[in-house]
Amino acid sequence: MAGINDAAEPGIELMAIPVPVSSGPASLMQEGVWFVESMRQQQGAYNESVVLHLRGSLDVAVLERALSHVIARHAALRTCFVESRGGLVQCVASVPSVVLSVAPALQDDEQLLASWIKGVTLPGFNLRTGPLFRAELGTLATDHHVLVIAVHHIVVDGWSLGIFRRDLSAFYGALVRQVDVQLPEILTTPSAYSARQRAFVASAAGEAAGRFWCSQLRDRPLRPLLVQRPGMADHAVHERLAPPQALIDGASALARQARTSVFVVMLSAVAVALAKMTGEKDLVIATDFSDRGLPELEPMIGLLVNQLPLRLNIGHVKTTQALLAHVHGVCIAALTHKDLPYPMIARACKDVPGAGAEFAVKFVLHSMPMHTLDMPGLAVEQVEIEPMRAKFPLLIELWDAQAGMRGDMVGSAHYTDSAWLGALHRGLFSTLEQMVADPGASIFPDEAGVPPPVVAPAAFIARRVPVAVGALARIVRNDVPGALPATVIASHAKVDARAWVRQSAVELNNLLVETGAVLLRGFHVDSAQHFSDIVRAFNTDVMDYVQCSTPRIAVLDKVYTSTEYPADQEIFFHNENSYASVWPEQIAFWCDQPAAAGGRTPIADGRKVLASLPGYVKEAFESRGLLYRRQFSPGMGIAWEQTFGVRNRSELQERFGPQGYQFEWLGEHTLVARFRAPAVVTHPVSGDRSWFNHASLFHRAALPEMLRRHFQDHDPDGMATSTFFGDGEPIPDSWIEIIRDTYRRNAVHFDWQQGDILLLDNRLMAHGRETYTPPRRILVSMAGGSRH
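Residue numbering for the sequence shown follows my numbering, starting at 1 and increasing by one per position.
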């Protein structure tokens with residue numbers, strides 16, 4: 001993807017990967033890595049590395065030939081990725097010539113060595129052009145060299161790094177001894193694996209797996225497990241783990257006694273330690289599962305791993321025995337449905353109320369085979385290096401090696417610090433000791449209700465600050481991601497909401513400008529007229545629904561039903577009328593009847609969305625602006641006369657031509673209306689810049705797959721609403737997916753209660769609608785008309 005990283009690649013000279021000799025579909029996990037990498041401002045988090053100290057008589061020419069053989073043997077190391085109409089494609093090139101780059105002498109200087117290794121392993125890769133593999137050789141002495149390999153995670157997993165070390169050693173040894181290499185034959189390709197995976201996703205078994213994961217992950221707590229620490233640098237924070245052998249032996253014995261695995265015991269201890277640290281007992285902790293069940297997949301380098309989000313609700317368990325039984329059951333059920341790739345798990349949960357596959361913590365117990373490295377004339381030592389970037393808010397890894405179990409906690413500085421990781425480290429081992437010592441004892445011996453945090457940095461505490469507003473209502477502020485930023489709660493149902501809003505209009509408006517959204521709750525709002533009166537008490541400049549794009553029913557003067565779309569269709573995030581020449585500055589919703597299920601109105605702060613987008617996306621949208629194209633044809637959507645409130649063509653041109661519209665007639669009855677508007681606006685009061693547009697809703701990439709392909713392949717100009725860059729150039733589908741995911745990551749969800757009123761600053765806050773089970777009745781009123 002353009003903009004991921006265009007830096008020159010140091011190290012092994014493979015040149016840019018040439019014209020591919022074969023291609024095939026990328027796996028869905030590769031698509032997920034591609035997408036995440038395209039969103040990152042800082043590169044290197046998804047770089048994997050191998051560092052080998054080679055002591056003895058090294059033949060550099062033989063090492064180059066051995067590397068050539070490894071690259072020739074494994075198609076993944078000759079792969080780059082491009083987007084196509086059918087999705088992401090992996091392109092495999094012919095075998096390039098290898099010239100190993102040799103670094104200047106490092107003179108056995110540890111600081112210089114560390115800096116050099118960082119320079120090889122940290123820079124990003126260009127996923128479009130490749131190569132996604134590089135190597136460089138450093139010299140500490142005539143008989144001491146260091147080989148550093150860097151490769152992107154999109155083509156390798158942890159198992160693959162072991163295969164690479166084994167194959168490099170085998171080829172080097174065979175070349176030195178002048179014998180045939182003895183390695184298992186590779187009988188498949190990464191593309192074939194991806195094709196099988198996609199076939200499973202499309203099967204009935206894949207659909208059943210999607211339903212399973214939705215059932216496991218629905219009704220999750222909306223509270224974030226780890227709260228972001230604003231203003232922190234983007235780097236990894238490490239805490240080494242070295243559990244005593246006696247403790248590991250005890251965990252193994254406990255696993256045998258409970259008829260489960262050491263993984264279940266360790267995962268249980270991680271869950272309890274996190275619960276004690278955060279106070280949260282309903283946890284989603286992800287883990288990796290190696291997808292090498294078929295024998296032909298074992299010797300192949302590739303990204304053959306799946307990520308499973310495990311829902312561990314441990315609030316109801318009392319003892320270690322009960323805890324292990326619960327975690328064991330969750331893991332067995334997850335492994336039964338392990339073949340659904342994580343991106344599809346997330347997609348399956350997307351449209352289920354309260355469901356979500358997102359996680360902040362991953363725990364992995366590695367058990368890949370360890371291969372002996374035999375390179376004649378050389379003593380080989382593998383050295384682990386700490387990653388500079390963190391893939392996740394918190395990753396806990398353990399390796400079960402011959403020398404004993406060891407591990408690492410890697411946290412993002414955006415979410416954690418050394419003190420917090422140290423406390424979690426101590427809490428993990430302490431919890432494991434308690435579990436091993438007495439499996440029948442309580443797992444939370446010191447608590448009655450929520451366990452007290454072991455350590456409580458301010459960044460990990462949800463801050464709720466009540467502010468008194470007279471005796472009639474109070475304002476509750478909440479800066480926890482995913483929660484409503486401000487709620488006004490009536491002290492009694494008999495509080496006159498109209499009078500309170502009128503009296504508090506200035507303070508309420510200031511709060512709305514600051515937070516973007518305010519929920520009024522607990523007031524007795526029992527009719528559309530009552531709702532209308534409250535809106536007018538807040539802002540007398542109420543307005544009609546003008547230049548409409550969706551069907552609504554007028555209930556009262558300037559009070560409408562919310563968009564009359566079918567209940568089974570999601571309405572994605574948008575700022576009201578941002579595509580039009582006139583749009584409301586404020587919008588208010590009233591809940592007359594909550595849905596039987598679902599039907600929430602998610603919101604997303606445009607300031608946060610803008611800040612979260614990749615720089616190249618922001619720059620393009622800000623500099624080029626947007627062009628909205630609407631096509632009106634008989635029988636398709638709302639008629640142009642209704643949309644613009646006019647009776648004939650001349651009135652249409654006279655009224656809306658001066659506002660910036662361009663009109664074109666295709667035949668007698670089809671009208672095309674074009675309007676240019678900015679993608680980012682500045683708030684006139686706060687000065688905040690905010691993402692403000694309909695691009696992610698009015699675009700081909702927002703349509704269901706069948707419709708998307710129809711318009712893409714057969715009728716590119718047939719969409720009723722579409723969005724382009726301001727110069728008329730198309731916006732890439734992949735960019736729209738990036739924007740849509742950014743909205744989702746910054747979304748706030750809440751459950752409607754009857755009588756609720758939600759006030760939004762339309763410049764700052766986008767809104768949408770989830771699917772629902774009828775009946776549901778939400779009314780809407782708009783105020784403060786503004787113009788582009």
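Just so it is clear, CB atoms sit at the ideal spot from N, CA and C, and this is done for glycine as well.
Within the model, the alpha-carbon separation for A273 versus F289 is close to 23 Å.
With a minimum length of 3 residues, the unbroken runs of beta strand (DSSP E) contained wholly in the stretch 203 to 242 fall at 236 to 241.
Only buried fits T771, as 16 or more other CB atoms lie within 10 angstroms of its CB. Here L303 really is in contact with I154; their C-beta atoms are around 6 Å apart, less than 8 Å. Along the stretch 638 to 722, the beta strand (DSSP E) occurs as fully enclosed runs of 3 or more residues at 662 to 666, 670 to 677, 680 to 682, 689 to 691, listed in sequence order. Straight-line measurement puts the Cα of R552 at about 13 Å from the Cα of A639. Here Y46 carries a coil assignment [DSSP, helix/strand/coil]. Going by beta carbons, C591 and Q754 fall inside the 7 Å limit. Between W116 and G138, the C-beta spacing is below 7 Å.
Per DSSP, reduced to three states, the secondary structure at A192 is helical. With a cutoff of 7 Å on beta-carbon distance, F725 and R630 are scored as not near each other. Restricted to the stretch 52 to 106, the beta strand (DSSP E) segments that are unbroken, complete and at least 3 residues in length are 79 to 84, 87 to 92, 101 to 105, listed in chain order. Inter-segment contact for the stretch 571 to 579 and the stretch 755 to 767 is present: three or more beta-carbon pairs are separated by less than 8 Å.
Of S532, A567, T563, the smallest CA-CA separation from L556 is found for S532. H238 has its alpha-carbon roughly 5 Å from the corresponding atom of V410.
A Cβ-Cβ contact shorter than 7 Å links V265 with A251. Per DSSP, the continuous alpha helix (DSSP H) segment holding G422 begins and ends at 418 to 437.
Judged by DSSP secondary structure, S252 falls within the alpha helix (DSSP H) whose first and last residues are 245 to 257.
Within the stretch 527 to 582, the complete beta strand (DSSP E) runs of at least 3 residues fall at 554 to 556, 559 to 561, 571 to 574.
The C-beta of H669 has fewer than 16 other C-beta atoms within 10 Å across all chains shown, which makes the residue exposed. For the 7 Å CB-CB criterion, D733 and A702 do not form a contact. Between the stretch 392 to 399 and the stretch 65 to 77, the count of C-beta pairs closer than 8 Å stays below three; the two stretches do not touch. In the structure shown, the three-state DSSP call for F444 is coil. Boundaries of the beta strand (DSSP E) harbouring M405: 404 to 412, taken from the DSSP string. In the three-state reduction of the DSSP assignment, Q631 falls in the strand class. According to the DSSP assignment, K391 belongs to no beta strand (DSSP E), since it is labelled neither H nor E.
Per DSSP, C349 has no beta bridge partner at all. In the structure shown, the three-state DSSP call for F171 is helix. Inclusion of A588 and S781 in the CB contact set at 7 Å is warranted, their separation being smaller than that value. Between L340 and G206 the beta-carbon gap is near 6 Å, inside 8 Å, which marks them as a contact.
Between the alpha carbons of A242 and G407 lies a distance of about 6 Å. Short of 7 Å from the beta carbon of L421, and not among the five residues preceding or following it, lie these beta carbons of its own chain, in chain order: V237, E239, M409, G411.
Of all C-beta pairs linking the stretch 609 to 620 to the stretch 644 to 655, fewer than three are shorter than 8 Å, placing the two stretches out of contact. In this structure the stretch 386 to 393 does not touch the stretch 364 to 378; the number of beta carbon pairs closer than 8 Å is below three.
C-alpha of V120 to C-alpha of G657: approximately 58 Å in a straight line. Here Y415 carries a coil assignment [DSSP, helix/strand/coil].
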